[in-house]
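Data first, discussion second: the structure below is written as structure tokens.
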Amino acid sequence: ETGVTQTPRHLVMGMTNKKSLKCEQHLGHNAMYWYKQSAKKPLELMFVYSLEERVENNSVPSRFSPECPNSSHLFLHLHTLQPEDSALYLCASRDSNTDTQYFGPGTRLTVL
Amino acid sequence: TQLLEQSPQFLSIQEGENLTVYCNSSSVFSSLQWYRQEPGEGPVLLVTVVTGGEVKKLKRLTFQFGDARKDSSLHITAAQPGDTGLYLCAGEGMNRDDKIIFGKGTRLHILP
Numbered sequence: 026e027t028g029v030t031q032t033p034r035h036l037v038m039g040m041t042n043k044k045s046l047k048c049e050q051h052l053g054h055n056a057m058y059w060y061k062q063s064a065k066k067p068l069e070l071m072f073v074y075s076l077e078e079r080v081e082n083n084s085v086p087s088r089f090s091p092e093c094p095n096s097s098h099l100f101l102h103l104h105t106l107q108p109e110d111s112a113l114y115l116c117a118s119r120d121s122n123t124d125t126q127y128f129g130p131g132t133r134l135t136v137l
Numbered sequence: 012t013q014l015l016e017q018s019p020q021f022l023s024i025q026e027g028e029n030l031t032v033y034c035n036s037s038s039v040f041s042s043l044q045w046y047r048q049e050p051g052e053g054p055v056l057l058v059t060v061v062t063g064g065e066v067k068k069l070k071r072l073t074f075q076f077g078d079a080r081k082d083s084s085l086h087i088t089a090a091q092p093g094d095t096g097l098y099l100c101a102g103e104g105m106n107r108d109d110k111i112i113f114g115k116g117t118r119l120h121i122l123p
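Sequences listed follow chains H and F, in order.
So the first sequence is numbered by my numbering: it starts at 26 and just counts up by one.
So the second sequence is numbered by my numbering: it starts at 12 and just counts up by one.
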């Protein structure tokens, strides 16, 4: 148990659906991240939030829309996704004192 | 573009054997991290190395950072089934704006 939770753990959606992924941390960290993990590819950093402000957007398509309403919660809103967006989406929070990232268990997303 | 190459991609060995996995790049990193990821979970940080030539030990795991801070190795002595998992290395660039990058990982399977 790392203190970072993600829901849902599994999600199957059609290309026309709208869904949201949720991440929650109660570790007192001020930075949160979204990563995409695809088979046979390195972990890809998607978004970084620091003190609830987006500080990095790694050229992610607009069909992925992040939201950080407070320092404990991070969302990833999904709409009109493509089958190639199927992947494990990982959330992480960062301890600024040790520069350690703590990952959640991920949401396994399948786009049909 | 910074890249981290991990080798081998897959490794299956018998319990009790020793093994080494590698993480190589042509880029210099300010620090390098090793993670282990088990099925259905997010990556968990094992160690961070920051000084060229640094060696860190974690029980049966020995991590080394290359003198030039471009490469790293992970050596496991007397591997056990509990060591099974995906081992990821991640590097932080020298500049403040550099993004953390991950290798594709080495999938290790220890046979009982």
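Each residue gets a CB set at the ideal place from its N, CA and C atoms; glycine is no exception.
The structure presented is a predicted model; accordingly, all values stated were derived computationally and were not measured.
- Taking the Cα positions, H/Thr135 is about 42 Å away from F/Asp78.
- Shown here, H/Glu109 sits in a helix according to DSSP, grouped into three states.
- With respect to F/Pro19, F/Thr95 sits apart: the two C-beta atoms are not nearer than 8 Å.
- Identification of chain F residues near H/Gln50 by a Cβ-Cβ cut-off of 9 Å yields none; the smallest Cβ-Cβ distance measures about 12 Å.
- Beta-carbon to beta-carbon, F/Arg80 and F/Val39 are separated by about 5 Å, close enough to satisfy the 8 Å threshold.
- In this model, F/Val55 and H/Asn82 are separated by some 24 Å (Cα to Cα).
- Taking 3 residues as the minimum length, the beta strand (DSSP E) runs contained wholly in the segment 41-117 of chain F are 42-48, 55-60, 66-69, 72-76, 82-87, 96-103, in order along the chain.
- An exposed status is given to F/Gln25, since fewer than 16 other beta-carbon atoms sit within 10 Å of its beta-carbon.
- For H/Val80, the enclosing beta strand (DSSP E) has its first and last residue at 78-82.
- DSSP, read as helix, strand or coil, puts F/Val32 in strand.
- Two segments are said to touch when three or more pairs of C-beta atoms, one from each, lie closer than 8 Å; by this definition the segment 123-130 of chain H does not touch the segment 95-109 of chain H.
- Boundaries cannot be given for H/Ala64, as no beta strand (DSSP E) includes it and DSSP labels it neither H nor E.
- Rounded to the nearest whole angstrom, the C-alpha separation of F/Gly114 and H/Asn95 is 31 Å.
- Listed in chain order, the positions of the segment 54-81 of chain F with a beta carbon within less than 9 Å of a beta carbon of chain H are Pro54, Val55, Leu56, Thr59.
- The C-alpha of H/Arg34 lies about 14 Å from the C-alpha of H/Gln62.
- Check the Cα spacing between F/Ile87 and each of F/Pro50, F/Glu103, F/Ala101, F/Lys68: the tightest is with F/Lys68.
- Within the segment 100-133 of chain H, the residues whose Cβ lies closer than 9 Å to any Cβ of chain F are, in chain order, Leu113, Leu115, Cys116, Ala117, Thr123, Asp124, Thr125, Gln126, Tyr127, Phe128, Gly129, Pro130, Gly131, Arg133.
- Taking 8 Å as the threshold, the shortest C-beta distance from F/Phe40 to chain H does not fall below it.
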